[in-house]
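I have placed the structure first, in the form of structure tokens, so that the comments after it can refer back to it.
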């Protein structure tokens, strides 16, 4: 079996409302949908969600990278995964488009084998419970949003902070009071605090029973992360500080965090995500798997990843729930009261139909 065609499209996916984090505000995700075909008529789906702020890529840089990568991918056997890892290394950065290729290849493999992707990796669990994320707004608005999601059945709420320490404390207080004591609360500062402010805030909000805090300080400040961890009553999770297994090794060796967040867009796909998860498991550092602004395509690939690996025990796979519409029309990961599942009788990712009207052609590459 050989790859003989690659199709790329861009999609514009508006958010239900402006989504603000410490790094900026998003009103729309402009993503790339990838279709990879083989000479035996199998098709794999992948998605790239470039982010100038986090993965340091753009739609334009991703297309440029795909132009270079496509000629090296065409004609290859999709089962030769390590060969693809070498190919990805020929282009610097642009992990989002590498993730899209990687996703599509695993979808192909699953379809060829007649199995869900997560079962190919061992299928450790059959369902996960995701949180839902609330962007930065006024404390009152965030509390009201949290209550609405809890009424919809979600039992895990994550809130964005990192703009102003005093206001962040008020946001955390009001959200906790709004959702009660039986709902798990997580916070994410997206690098917004100084080391000193992070330590102060985390000690002041300990009484609000915070599960963990993501990326309190600048992603390059591993020593700062370690200092926060050593002085925080709340577990600290690395997000932007860890893109790949090399980054994971650095923070593990420094004992800088309690947990590490894996994202397919950061790692460049499932294969590298698996390496991070296995490395963290050996080191005794649990993982969460999160998302950027992916549609249900990328979210479904991430759910398969979450189901496959034992060490991924926290889940932040909600971006498709924050969008006004989705490119997936039928199939993919289901959601019910925060619980996401994959049908056991599907092959690949189980995505059956896309909204064609949302797909804007970029280019087709042929063997």
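Numbering (the numbering used here), first residue to last: 8 to 374.
Here a beta-carbon is modelled for each residue, glycine too, at the ideal position from N, C-alpha and C.
By the Cβ neighbour-count rule, residue 289 is exposed, with fewer than 16 other Cβ atoms within 10 Å of its own. Residue 115 counts as buried, since no fewer than 16 other beta carbons sit within 10 angstroms of its beta carbon.
Judged by DSSP secondary structure, residue 263 falls outside any alpha helix (DSSP H); it is assigned neither H nor E.
In the three-state scheme derived from DSSP, where H, G and I count as helix and E and B as strand, residue 324 is classed as coil. In this structure, DSSP gives residue 36 an extended state, which the three-state scheme calls strand.
In this structure, the straight-line span from the alpha carbon of residue 336 to that of residue 41 is close to 16 Å. By DSSP's assignment, residue 294 forms a beta bridge with 267, 319.
Three or more Cβ pairs drawn from the segment 343-359 and the segment 310-330 lie within less than 8 Å of each other, which places the two stretches in contact. Counting only runs of 4+ residues, the alpha helix (DSSP H) found wholly inside the segment 108-169 occupies 124-127, 146-158, in chain order. Classified as exposed, residue 78 has fewer than 16 neighbouring CB atoms from the shown chains inside 10 Å of its CB. Scanning the segment 172-242 for uninterrupted beta strand (DSSP E) segments of 3 residues or longer gives 191-195, 217-221, listed from N- to C-terminal end. In this structure, 177 is the residue among 251, 177, 248 with its C-alpha nearest to the C-alpha of residue 215. Minimum Cα-Cα distance from residue 101 among the listed residues 58, 328, 193, 310 corresponds to 58. Following the DSSP letters along the chain, one finds residue 28 in no alpha helix (DSSP H) but inside the beta strand (DSSP E) bounded by residues 10-28. Between the segment 163-180 and the segment 46-56, the count of Cβ pairs shorter than 8 Å is below three; the stretches do not touch. With three or more CB-CB distances shorter than 8 Å, the segment 324-341 counts as touching the segment 294-304. Between the C-alpha atoms of residue 372 and residue 81 there is a straight-line separation of about 8 Å. Just so you know, the alpha carbons of residue 201 and residue 36 end up roughly 29 Å apart.
Taking 8 Å as the cut-off, the Cβ atoms of residue 25 and residue 34 count as close. Among the bridge pairs identified by DSSP, residue 76 is matched with none. Cβ-Cβ distances below 6 Å link residue 294 to 267, 269, 284, 287, 318, 319 in the same chain, with the five nearest sequence neighbours on each side left out; the list follows chain order.
Residue 206 is positioned such that its CB atom lies closer than 8 Å to that of residue 239. For residue 285, the secondary structure class from DSSP, reduced to helix, strand or coil, is helix. Pairwise C-beta distances place the segment 117-130 in contact with the segment 353-364, as three or more of them are shorter than 8 Å. In the same chain as residue 338, and ignoring 5 residues on each side of it, the C-beta atoms closer than 6 Å to its own belong to 357, 358, 359, in chain order.
Per DSSP, residue 346 is one residue of the beta strand (DSSP E) stretching across 346-348. Under the three-state reduction of DSSP output, residue 62 falls in the coil class, being neither helix nor strand. A straight-line Cα-Cα distance of about 11 Å links residue 30 and residue 247. Non-local C-beta neighbours of residue 234 in its own chain, meaning closer than 7 Å and more than five positions away in sequence, comprise 202, ordered along the chain. Taking a 10 Å sphere around the C-beta of residue 307, we find 16 or more other C-beta atoms and assign the residue as buried. In the structure shown, residue 42 adopts extended strand secondary structure according to DSSP, grouped into three states. Under DSSP, residue 244 takes part in a beta bridge, and its partners are 221, 266.
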